[in-house]
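The structure appears below as structure tokens.
Protein chains in written order, with UniProt numbering: chain A, 1 to 503; chain B, 1 to 403; chain C, 1 to 373.
Printed below as a string of structure tokens:
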């Protein structure tokens, strides 16, 4: 099926999210849609999937205009979508999830589970998806859940499959597997629209690349284009992808964690006897697939979670019992993993967020009163220094782009003398231009002698920043390796292979 | 938090941008005025359908359809008269004379104070349903000091106020403490503590020391003159105190470290905790302040109006305060304006009752409708937009025709 | 009241109204013999009611219960309505939402040019006397309150009359009746709040039971009121029928087969509990067979508190210029309080009926003193 988009435009009030987009997807092609966060990729896909109605323009399927009133219409027309966040019922089996919404019955309302099972098995075999129809969703890994989503779309006879940032939640191995599946789908005639901002993946799997910036198509490129070229198209200027830095051996240990154990509120042991140290002037990268205890580990370092056992020392001083207020005051900088949840107050202005953990210092307050002038001056200064793109310092942070929101958090944490910087997912959901900026600032902080701890699920980021890499799996640090360890080996470690086996 | 409607869902957080940009206030002001106008319109309709002359004329109209014009004219005339009588009495009763104005202000003062208590808690993300109980214990404490101890004028007043504030603050702080230490939801605890407050007051009212001499009724003596607010030009000095309280709340919210913390905790407790703020401290402090303001509301009544304390002495001020804070969008200025409006409606309602014979329930209906329309801004805006949308639709149709 | 028929009692009340107020049509059905017991002699004997005092404005302020409280505000308000019907006076009224409004509301009636203002309930006592002192030209009455000092002297100004009701007297009769009728040997009562206007009923009731026990050597027990401790069962609320029902069911579960609820509308829950459990009820303030007729089947009788009559009388006096500040106390003697006719199913035999009448006379004579423990 051939999909053609002509002059598609979507306006929200005075804001134009998509401006005269033209796009052609040929049958059996993997078409990559590349763009920064907020470039308008999701708006475009939501119109394709019937979730939004275009303001202008049309969508043609095999030359015939469409008028989707909802996802149902899009599905019926052969367009399926796998969302970034899965839409699966955890306590149902794979087959049950696939049949959900269009259940087959044997009359009298009795569910025909067998038919669904059979369908899952067939699709699984045909596209080599390796999915067990009777497994419960909550029991299977994220990568397999994603394949269930793909089966759901295929079961609906999708000829065009939209994959929205499908690799964000996957391990490197799973990403490779997904790419294999995409090639298989393509081979059997399914078109794929692959939305991503990761250049490597685009080059690996794409047939054609369309780059979107600020709601407009800025160009197309073949997969042979270099990453630098693609990045430049995305951002609109040339971008330095790899931060130039020399690997360093750090000085004395500034932060030392010994035998940290954390039990979460549900009683699960999530951090198991973890020990490491971060030296002044080095970056220790903690690599690992999401959900292997990194979140709880760094929360315990700041004092947000009290470790159930173990000891945390800052320059030899025991800070295990400190709360966040004391830890911050001691010189720990903290960039939380989920900025909108823990990093800023969305309804607060940029000005206020820039002092969210500094308002109580002498610089910004006197007795019970805030020094508004100092806070405003600080905001002007930081906005300029960190190139935060905001209309005014009074703009609520929630209305900034992801990259600028992260810059607000980074600017705040970097605006005081630090002994330790703990940054989790410092560039998640951040555009390429901002990634470059944030990485440079982190390296600069390191070069000033700060002990830096980076937690990231992105191997690119780990490699770009780390002087040493610790891999976390199932609540433990399974290995600490040097940054010249090959990608594949690191990937295996992240997937739980023990170092001995992988060696 | 996810379990209950959070205040921020109801109170749009327009504050930061609004401070700099007057135009961003306009939609809020317009919606509020529209809500008031709509409520008065519905009120007028109720006045009309409950007016006997109108009803009679309508019956005649049904009985003698031949004289349609005559009776229809009567209906219009009587309707207009009834509405005019009611609403002119409302305006006269609220602002039509010195005493009317005084009454409006006297009734506004406690609403403003308790409304501020609800508003400041809203801003910290807490739904304070407990202003009623906080005011009640405040009234008992202020009243007790006021009628028991014979202190020099001035000192006596200050002592009585301090007692009222302290009792209210204690009652409110209890809620914050329960929430901070055990996670007990403030909606539940405040509602329960309202009941507890009433029974505590009834318990004390049954004691000899709290009763009038020679009486077994559950009513205390009124406070001594030395413990009541002095009066200037008919107005007791508690009223300016309400304005001072509003200013203080504004300062706390906008200019103080505590206000920064409480707004942050209200908007995003997780980020606040990560930034090293103590939610425990904020919850206790803000509920204590809320209770203190409710206690001040009680002082307005007991010490401002020389009231004997009974279990009903504060009326329903604690619940009206919620609607006042809601109407005032949980801002100090908004709360003052909403308090004045409700005070005026209350005083005007008395005028309507006394001289136009309109039942007092009408005022309560109007107040409730205002809040309903404010809480459903989409509904109100749709009233305003129906016309526009129609024109837009027709223009689209024209376009289509051209194409 | 030699007969137990309802009509006779209506006659008594009506007769009272007749003497006091003049010429109501339905009064004529009444029994004129009781007219001498009327509390105040109105010298003028008007004939044309409707425009007797067209320029007189009678006004009323409720307490926070409002005029539709099915309780003392409403009964008092009936007095105002009757005055309008009987004397052609003008009227105005204000309902209070809370105590802080009392003073304002009374003042608003002053501003409306009222000639007489009746306030309802002891909660308004302070504000009423303050307004009365300020406006000596207006006559004030207050329901359920009288101004006395330590020595029992009346401290009200010349234009303020307290209207109180010795409801203990008819409650005594009700208690005696209940003790005579109980099968289980246990009767129960409960109140709204522990305040004198409520407990006076309960105390009189208990005293009546005690008297029955003394006279007949029986051992009928009263639940819900302890005369020594002056405490008992209360709903702490005059509104919640649920609470009334709960308290009554508790009493019934302890064996009570006659329930005497003194809790305003909350007491209706008590009657419901009695009905559900095959017990009897005795209603208060008004004749329950009229005001709560759905429970008439299970009512033995009602203790009537003639607030409407007293209020109307106060207005009439003020209009006629014969107003005095002498506190009015409704008694069995002046008919301000009384026992309602027995319920249709009460099945009171003539002996008991005669005994009740006899006791009533003894109370009027002072042979039996109600109220002293």
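We treat Cβ as the ideally placed atom computed from N, Cα and C, and that holds for glycine.
Note that the coordinates shown come from a computational prediction; the quantities given were computed from them, not determined experimentally.
- Nearest C-alpha to residue 268 (chain C) among C:187, C:107, C:252 and C:294: C:294.
- Residues of chain C with a Cβ closer than 8 Å to the Cβ of residue 230 (chain B) do not exist; the shortest Cβ-Cβ separation is about 17 Å.
- Contact of residue 243 (chain B) with chain C by beta-carbon distance below 8 Å is absent, the smallest such distance being about 19 Å.
- Secondary structure at residue 127 (chain A): coil, using DSSP grouped into helix, strand and coil.
- By a beta-carbon distance limit of 8 Å, residue 490 (chain A) contacts residue 459 (chain A). Their separation comes to about 6 Å.
- Taking the Cβ atoms as the reference, residue 72 (chain C) lies roughly 6 Å from residue 120 (chain C), within the contact range of under 8 Å.
- Within the region 91-119 of chain C, contact with chain B at the beta-carbon level (separation under 9 Å) is assigned to 92, 93, 94, 95, 96, 97, 98, 99, 100, 101, 102, 103, 104, 105, 107, 108, 109, 111 and 112.
- No Cβ of chain B is located within less than 8 Å of the beta carbon of residue 205 (chain C).
- Listed along the chain, the chain C residues whose CB falls inside 7 Å of the CB of residue 103 (chain B) are 104.
- Taking a C-beta distance under 8 Å as the contact criterion, residue 451 (chain A) and residue 254 (chain A) qualify as a contact pair.
- A Cβ-Cβ separation of about 6 Å places residue 311 (chain B) in contact with residue 198 (chain B) under the 8 Å criterion.
- Secondary-structure assignment with DSSP links residue 284 (chain C) through a beta bridge to C:303.
- DSSP places residue 212 (chain C) within a helical segment (H, G or I) once states are collapsed to three.
- Distance from residue 356 (chain A) to residue 446 (chain A) at the Cβ level is roughly 24 Å; contact not present, criterion being Cβ atoms closer than 8 Å.
- Residue pairing of residue 277 (chain A) in beta bridges, as defined by DSSP: A:256.
- The three-state reading of DSSP puts residue 245 (chain A) in coil, since its state is none of H, G, I, E or B.
- At a cut-off of 8 Å between beta carbons, residue 260 (chain B) contacts chain A.
- By the criterion of a C-beta distance shorter than 6 Å, residue 338 (chain A) is surrounded by no residue of its chain, once the five residues flanking it on both sides are discounted.
- Under DSSP, no beta-bridge partner is assigned to residue 25 (chain B).
- Of the candidates C:324, C:197 and C:185, C:197 places its Cα closest to the Cα of residue 238 (chain C).
- Boundaries of the alpha helix (DSSP H) harbouring residue 325 (chain B): 317-327, taken from the DSSP string.
- If you draw a straight line from the Cα of residue 291 (chain C) to the Cα of residue 338 (chain C), it is about 16 Å long.
- Counting only Cβ-Cβ distances below 8 Å, residue 206 (chain B) has contacts in chain C at 194, in chain order.
- A residue is called buried when at least 16 other Cβ atoms come within 10 angstroms of its Cβ; residue 360 (chain B) meets this threshold and is buried.
- For the pair residue 151 (chain A) and residue 98 (chain A), the Cα-to-Cα distance works out to about 7 Å.
- Residue pairing by DSSP places residue 202 (chain C) in no beta bridge whatsoever.
- Close CB contacts of residue 192 (chain C) within its chain, under the 8 Å cut and outside five residues either way in sequence, are with 198, 234, 235, 236, 237, 238, 262, 263, 264, 266 and 267 (chain order).
- For residue 31 (chain A), the enclosing beta strand (DSSP E) stretches over residues 30-35.
- Taking a contact to require three or more Cβ pairs closer than 8 Å, the region 330-349 of chain A and the region 399-414 of chain A qualify as touching.
- The continuous alpha helix (DSSP H) containing residue 255 (chain B) extends over residues 238-255.
- Boundaries for residue 253 (chain C): no beta strand (DSSP E) harbours it, while the alpha helix (DSSP H) harbouring it runs 241-253, taken from the DSSP string.
- Take the alpha-carbon of residue 44 (chain A) and the one of residue 18 (chain A): they are about 7 Å apart.
- Residue 166 (chain B) and residue 103 (chain C) have their alpha carbons spaced roughly 28 Å apart.
- The Cβ-Cβ distance between residue 359 (chain C) and residue 368 (chain C) falls below 8 Å.
- 392, 394, 395 and 396: these are the residues of the region 377-403 of chain A whose beta carbon lies less than 9 Å from some beta carbon of chain B, given in chain order.
- Apart from sequence neighbours up to five positions away, the residues of its chain that approach residue 180 (chain B) with a beta-carbon distance below 7 Å are 279, 280, 283 and 284, ordered along the chain.
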